[in-house]
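Residue numbers (numbering that gives the first Met the number 0): 0 to 49. We put the CB at the ideal spot given by N, CA and C, even for glycine. Let me begin by presenting the structure, written as structure tokens, before commenting on it.
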Amino acid sequence: MSSLLYLIAVILVIGWLLGVFVYSLTGLIHILLVLAVIAIAFRLISGRGI
């Protein structure tokens with residue numbers, strides 16, 4: 000499950016970067032960024048590291 004969370008975080012960060020440079024949808028970009036940060040923080044808190 001931890002590798003799945005890491006994969007989701009990476010996909011969200013890539014989606015966020017694409018949104019920043021291609022679509023400029025500010026609301027969606029910030030939601031993706033927050034979700035990616037939460038997924039990474041959850042992985043770090045669970046003790047498995049990046």
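- Separation of Ile28 and Ser2 (C-alpha to C-alpha, rounded to the nearest whole angstrom) is 23 Å.
- When the five nearest sequence neighbours on each side are left out, the beta carbons in the same chain lying within less than 8 Å of the beta carbon of Ala38 are those of Leu4, Tyr5, Ile7, Ala8 and Leu11, in order along the chain.
- By the Cβ neighbour-count rule, Ala35 is buried, with 16 or more other Cβ atoms within 10 Å of its own.
- With a beta-carbon spacing of about 5 Å, Leu31 and Gly14 fall inside the 8 Å limit used to define contacts.
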